[in-house]
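Here the sequence shown stands for residues 1 to 281, numbered as in the working numbering. Glycine included, each C-beta is placed from N, C-alpha and C at the ideal position. Everything on this sheet refers to the single structure shown next.
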Amino acid sequence: MKKQLLIGLVFISFSLAAQSPWPRSKAGFFVQAAWQTIPTYNDIFESKNDLNIPLDREVSENTFQLYGEYGLSSGTTLTASLPVRFLKNGDYIPNNYASPETREGTLTGFGNASLGIRRAILEGTMRLTAALRLDFPSTIYDDATGLRAGYDAWTVQPTISTGMGLGRVYWFAYGGYGLRTGGFSHYVNAGGEVGLKAWKCWFIGFSELIYSLENGDVALPLHNRIKNLYVDKQGWWSLGAKSIFEANRFWGITASFAGAGWAQFVPKSPGISLGVYFKWD
Numbered sequence: 001m002k003k004q005l006l007i008g009l010v011f012i013s014f015s016l017a018a019q020s021p022w023p024r025s026k027a028g029f030f031v032q033a034a035w036q037t038i039p040t041y042n043d044i045f046e047s048k049n050d051l052n053i054p055l056d057r058e059v060s061e062n063t064f065q066l067y068g069e070y071g072l073s074s075g076t077t078l079t080a081s082l083p084v085r086f087l088k089n090g091d092y093i094p095n096n097y098a099s100p101e102t103r104e105g106t107l108t109g110f111g112n113a114s115l116g117i118r119r120a121i122l123e124g125t126m127r128l129t130a131a132l133r134l135d136f137p138s139t140i141y142d143d144a145t146g147l148r149a150g151y152d153a154w155t156v157q158p159t160i161s162t163g164m165g166l167g168r169v170y171w172f173a174y175g176g177y178g179l180r181t182g183g184f185s186h187y188v189n190a191g192g193e194v195g196l197k198a199w200k201c202w203f204i205g206f207s208e209l210i211y212s213l214e215n216g217d218v219a220l221p222l223h224n225r226i227k228n229l230y231v232d233k234q235g236w237w238s239l240g241a242k243s244i245f246e247a248n249r250f251w252g253i254t255a256s257f258a259g260a261g262w263a264q265f266v267p268k269s270p271g272i273s274l275g276v277y278f279k280w281d
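Right, here's the structure in full:
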């Protein structure tokens, strides 16, 4: 498959942050607000036959997402995220369809909000942490446009992560298993991150895998399947980079993007995330 830039439907920078093996200090917190965009795209990855699925209309996606962590104790951290999606079903693409299957329009609504807890098992130079995350269903869907803001399912994901911090260098890796209700397939989630600090900036490389077990039997509306927004059997393997500028010990700016080595039922489009955070440890 030809490699293309993409950002997955669950934005990778937030997914990786939630998998970190380092808990917050007691009563310490971290809050980040980010604007994430997937510009206009016309095609969807289809990995099995190495094909692209054409769309009847151009689609664009934007998300405003809040992510937070709070230290319940020195070894236990509570995590939460809340995405708001801004979706657009745009111009008809005559080269793909003889006539449009869906209507032009927009959709705004909450995506899959999540709550999680992270508990340190092994502390010291080498870290080992267990985490459990719960994603809430999103029922925001418009059949005329085929636009959907999130999975209409509960998701539970236990995860184990490990890593080391060595001054201006760190790394961590993780593996988890996602269980979705509503007839959606379960999935395996794995990945890692490595970072190097220079002056006030962190330069970070990361990778993430979402691999569907394809054991679902959910029946989704035709227009939803045409758009492939939060449908069954989605997955990707990504390689990406992000940077963090630490203005001081309390706040900073983040930016990230990712590229796909493999993907299934997700957009063929560049993706960009830009955010600002505030922390207290």
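query: Any non-hydrogen atom of the ligand SAM within 6 angstroms of Ser99 CB; result: This structure does not include the ligand SAM; it has no bound ligands of any sort.
query: Leu222, enclosing beta strand (DSSP E) - first and last residue; result: Taken as a continuous stretch (DSSP letters only), Leu222 belongs to no beta strand (DSSP E), being part of the alpha helix (DSSP H) at Leu222 to Lys227.
query: Secondary structure of Ala173, DSSP reduced to three states; result: strand
query: Cβ-based burial, Asn95 [other Cβ within 10 Å; buried from 16]; result: exposed
query: CB of Gly75 within 7 angstroms of CB of Thr102, strictly; result: no
query: Beta-carbon spacing of Gly90, Gly28 below 7 angstroms; result: no
query: Which of helix, strand or coil DSSP assigns to Ala18; result: helix
query: Pro54, DSSP secondary structure in three states; result: strand
query: Spatial distance of Pro54 from Gly116 (CA atoms); result: 36 angstroms
query: Contact check, Pro21 vs Gly163, beta carbons under 7 angstroms; result: yes
query: Pair within 7 angstroms by beta-carbon distance, Glu61 and Ile38; result: yes
query: Helix, strand or coil at Ala190 [DSSP, three-state]; result: strand
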